[in-house]
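The listed protein sequences correspond, in order, to chains A and B. Numbered per numbering that gives the first Met the number 0, the first sequence spans residues 0 to 410. Numbered per numbering that gives the first Met the number 0, the second sequence spans residues 0 to 332. Yeah, the Cβ is synthetic: ideal placement off N, Cα and C, and Gly gets one too. Remember, predicted model here, so these are calculated numbers, not experimental data. Single-structure report; data block below.
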Amino acid sequence: MATEVIVPKVDMVMETATFVEWLKPEGAPVEKGEPLFVIMTDKASIEIESPASGILAGVRAKPNDVLPVTAVIAYILEPGEAIPTQRDVHQAVSRLPASEGKPGDVAREAGTPAADSGKVRATPVARRLAAELGVDLASVPGSGPRGRVHRDDVLLFARQREDTRPSVTQKPSAPDVPLPQARQREVIPLAGARKIIAARMVHSAFTAPHITLSLSVDMTEVVRLRERVSESIERRTGKPLSFTAILARVVAAVLPDHPYLNASLKDDAIILWGDVHLGIATSVEDYLIVPVIREAQRKNLAQIAAELGDLLERGRARRLTPNEMTGSTFTISNLGMFGIESFTAIINPPESAILAVGKIMDTVVSLKGAVVVRPMMNLTLSADHRVVDGATGARFLADLKAALENPYVLV
Amino acid sequence: MSGVSGREITYLEAVREALIQEMRRDPEVFLLGEDIGVYGGAFGVTRGLLEEFGPERVRETPISEAAIAGAAIGAALMGMRPVMEIMFMDFITIAMNQLVNQAAKMRFMFGGKASIPLVCRTPAGSGTGAAAQHCQSLEAWFVHVPGLKVVAPSTPYDAKGLLISSIRDNNPVIFVEHKLLYRDRGPVPEDSYTIPLGLADVKREGRDLTIVAYSVMVQRALEAAERLAREGIEAEVIDPRTLRPLDRETIVRSVCKTSRVLVVQEAPAACGVGAELAATVVESEAFDYLDAPVRRLTGRDVPIPYNRTLERAAVPQVEDIVAAGRQLAREGR
């Protein structure tokens, strides 16, 4: 029997997904469990496995289609089997403008019954509401039988329109600056993860008053520690021991003594978290993911190294689940590997602070009246001043520095 | 409504009580039908009435439904208030000419100078294993005829109040009882009271869908609504009580609120009362509030089978109403 390939709900609040690409061409044999296609949710790109073994057929989804959860986008057929007659054909919510297409070209997927007849199937109340709300019924995805548009579909569509109307790049107060008259190389839709990052960062930058505190840490002992234990940890865990892992271990150990740095401002209350869910900001190709080490304060260096290695590996392969990339209470962002000496980061909401980590550099410093060369590293803490005062942040940074300069206290 | 008490009696007893109270109140009221005297009627509704009112007012008739109806119409024309009984609704076919061509027409054809204050009581419906000729629900035929009123109560309380109103009405009324409801108990005031013909009753309030049902299907719809409530679906159950005249307003108001309507009847679908109910909704201002097609749940298109399993499968049961209600409530949600 033909198996429907649907857009899965991989996250509790997910309603639509942007289709990224097929990993198999139409007509190709596929095995159950084999990666079949990639979708992008608000949080991440995710590889979806084939629900059955057979021949991929009736492929409908195209890159940049925005599809409702459970939309049937293809079938897995047994040899000699025909594609079932189209029942409950789900339509793309909208087509994102492809880079080669005209921007803003929102097209309805062709070949659907609704498109064929030129009429939209909608209930009377959906029609009345659409007229009242100024919604074009043809662009509303219908959840009813054969794509029939119901009242709730119109309301949801109108609500999403409200949500996206004041888009993050076009604040009502932003001056209407004309674009330069230049050749356009490519137009990338602001969508999915990129759009979420944009919205969160704007929100954080303009609602949380950031204070930044900076100091240098002598990494001599950390470097030594890494040299001594790296081999044994890698042998045990199969993952290399990175400076980020050591830093994560030290931050997780120090944070519980500084609860306001591991906190969230929610409405009129500051929630101090009892666990350190440590987010590690990571760049994957052209976007940012923040895999989370949960209850990091309970984990030893080997456990953290193993978990971080696994998260990063799967993150680069885009195989993390949304749950593994949300819910952090504090974030570390390390750009040292790119040669960045120091930088300030924007807080990852709803956290109250983020630690920006620079490159470890051999630096000439004075020590007990002598001039010596030491591996120094810059740490810059950005904190939400609504939650964290300067001295509070400074005490945390000082403790962190002390622990990094004498990491053996943690062993 | 007066004389409220906690007293509970059966539907059958409520019908009998209405007859007794009206016969005591008005000497023009009399009964006629097959086996209604000594035997007390095929279901026992008129048991004891011969003893109280005598053979003049509780008249046993030959087995001729046409004669029963014809005699009743004649008596009604002359100012009496006959309550005739057709033993099974199936047999009303034989009285059709009298009821449809005579009783329904006379008031109009005599320019209002004649009236036919006649009640035709008759038990309808399946569920007793009485097979195809004793189980039909033929109410739609009469709803179709201008000049007749059609009443189909679902509870003991409604049965008594509606029967008293029917007897006092100056038009011919087809009063459809249901065999399976006769043993149902419910609170019924001892005093006489009336329920206006043409007034529906909201038997249960709900926000997610409207179930319009009458006669025995009201009880099944209420049980289905309880089960749906456990799934988080709140069904409103409307009992029109009178199929003609129909209280369109109550139904329309409910559908405007819930946006979804399920119509349930025991009779087969084609040209049934449910079709009229569905059309009423679609033609009204409720149209603009509909969020799903109007759904009918009806008896199947077969004569009622004798086999009890097939008989049960031939008409909507509680689980069928639950399934249809669930599907309707979830469509597009």
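Output needed for residue i: all residues of its chain with C-beta closer than 7 Å, excluding positions within five of it in sequence on either side, in chain order.
i, result
"D333(B)", "No answer is possible for residue 333(B): the residues shown for chain B start at 0 and end at 332."
"P54(B)", "G36"
"M77(B)", "none"
"E404(A)", "V216, D217, E220"
"Y407(A)", "none"
"V370(A)", "V363"
"A301(A)", "I232, R235, T236"
Let me know the secondary structure DSSP gives residue i once reduced to three states.
i, result
"Q264(B)", "strand"
"P96(A)", "Confidence at P96(A) is low in this model, with a pLDDT of 46, below 50, so the placement of that residue should be treated as unreliable; the coordinate-derived value is given next. DSSP places P96(A) in coil when its eight states are reduced to three."
"H177(B)", "strand"
"G357(A)", "strand"
"Y286(A)", "strand"
"P244(B)", "coil"
"P102(A)", "Legend: pLDDT at P102(A) = 35, less than 50; position of this residue unreliable, value from coordinates given subsequently. P102(A): coil per DSSP, three-state reduction."
"P123(A)", "helix"
"L147(B)", "coil"
"L157(B)", "Looking at the sequence provided, one finds Asp at residue 157(B) rather than Leu. Of the three classes helix, strand and coil, the one that applies to D157(B) here is helix, per DSSP."
"D383(A)", "strand"
"L271(A)", "strand"
"G298(B)", "strand"
"P171(A)", "Residue placement at P171(A) is poorly supported in this model, since its pLDDT is 48, which falls under 50; the coordinates are not used for a value here."
"E62(B)", "For the sequence presented, residue 62(B) should be read as Ile rather than Glu. Here I62(B) sits in coil by DSSP."
"A16(A)", "strand"
"G185(B)", "strand"
"L196(B)", "coil"
"A280(A)", "strand"
"T111(A)", "Confidence is the limiting factor: at T111(A) the pLDDT is only 39, short of 50, which leaves the residue's position unreliable, though a coordinate-based value still follows. T111(A): coil per DSSP, three-state reduction."
"Y38(B)", "coil"
"M83(B)", "strand"
"V6(A)", "coil"
"I232(B)", "coil"
"V134(A)", "coil"
"K256(B)", "helix"
Ignore the nearest five residues each way along the sequence and tell me which others in residue i's own chain have a CB closer than 6 Å to its CB.
i, result
"K342(B)", "Missing from the structure shown is residue 342(B); chain B here goes from 0 to 332 and no further."
"V222(A)", "P374"
"P302(B)", "A131"
"E294(A)", "D274"
"L343(B)", "Nothing about residue 343(B) can be read from this structure; chain B reaches only from 0 to 332."
"M79(B)", "E27"
"L214(B)", "Here residue 214(B) is Ser; the residue named in the question, Leu, does not match the sequence. Answer for S214(B): A151, S153, H177, listed in chain order."
"C134(B)", "S125, I303"
"S381(A)", "H209, T211, T343, A344, I346, I353"
Going by C-alpha distance, which of the options is nearest residue i?
i, options, result
"I72(B)", "A102(B), L221(B), R206(B)", "A102(B)"
"N100(B)", "W140(B), S164(B), R219(B)", "W140(B)"
"E16(B)", "L296(B), A234(B), L161(B)", "L161(B)"
"F205(A)", "S44(A), V364(A), N347(A), A369(A)", "N347(A)"
"L137(B)", "M108(B), R259(B), I173(B)", "I173(B)"
"E131(A)", "P24(A), A157(A), A137(A)", "A157(A)"
"N261(A)", "F337(A), I359(A), A16(A), G278(A)", "G278(A)"
"S258(B)", "R307(B), G324(B), E318(B)", "G324(B)"
"T193(B)", "V144(B), P244(B), V175(B), S165(B)", "S165(B)"
"R56(B)", "F29(B), G39(B), E204(B)", "F29(B)"
"A65(B)", "M79(B), L31(B), G40(B)", "L31(B)"
"L327(B)", "V317(B), P152(B), P292(B)", "P292(B)"
"A266(B)", "M216(B), E12(B), Y305(B)", "M216(B)"
"R120(A)", "G133(A), R248(A), R147(A), G32(A)", "R147(A)"
"G205(B)", "G146(B), P195(B), L221(B), M88(B)", "L221(B)"
Given residue i, which residues of its chain have a CB within under 8 Å of its CB, disregarding the five upstream and five downstream residues?
i, result
"C359(B)", "Beyond the ends of chain B as shown, which are 0 and 332, falls residue 359(B); an answer cannot be given."
"R150(A)", "T122, V124, A125, L128"
"A75(B)", "P81, A102, S114, I115, P116, L117, P171"
"G26(A)", "I54, L55, A56"
"L311(A)", "I279, T281, P290"
For the ligand FAD, is there any heavy atom lying closer than 8 Å to the beta carbon of residue i?
i, result
"A113(B)", "Ligands in the displayed structure: none, and consequently the ligand FAD is not present."
Which whole runs of the alpha helix (DSSP H) in the region 205-260 of chain A are 4 residues long or more, in chain order? 219-236, 242-253
Contacting positions in the region 279-298 of chain B - beta carbon closer than 7 Å to chain A: F286, D287, Y288, L289, D290, A291
What residues from the region 247-280 of chain B come within 9 Å of chain A, judged by C-beta to C-beta, listed N to C? S258
Interfacial residues, the region 118-145 of chain A to chain B, with Cβ spacing under 9 Å: T122, P123, V124, A125, R126, R127, G141, S142, G143, P144
Can you pull out the residues from the region 317-332 of chain B whose beta carbon lies closer than 8 Å to at least one beta carbon of chain A? E330, G331, R332
In chain order, what are the residue ranges of uninterrupted beta strand (DSSP E) at least 3 long that sit wholly in the region 92-149 of chain B? 118-123
Inside the region 296-377 of chain A only - beta strand (DSSP E) runs reaching at least 3 residues: The region 296-377 of chain A contains these whole beta strand (DSSP E) runs: 329-333, 352-366.
Along the chain, which unbroken stretches of the alpha helix (DSSP H) at least 4 residues long are found entirely within the region 276-321 of chain B? 307-313
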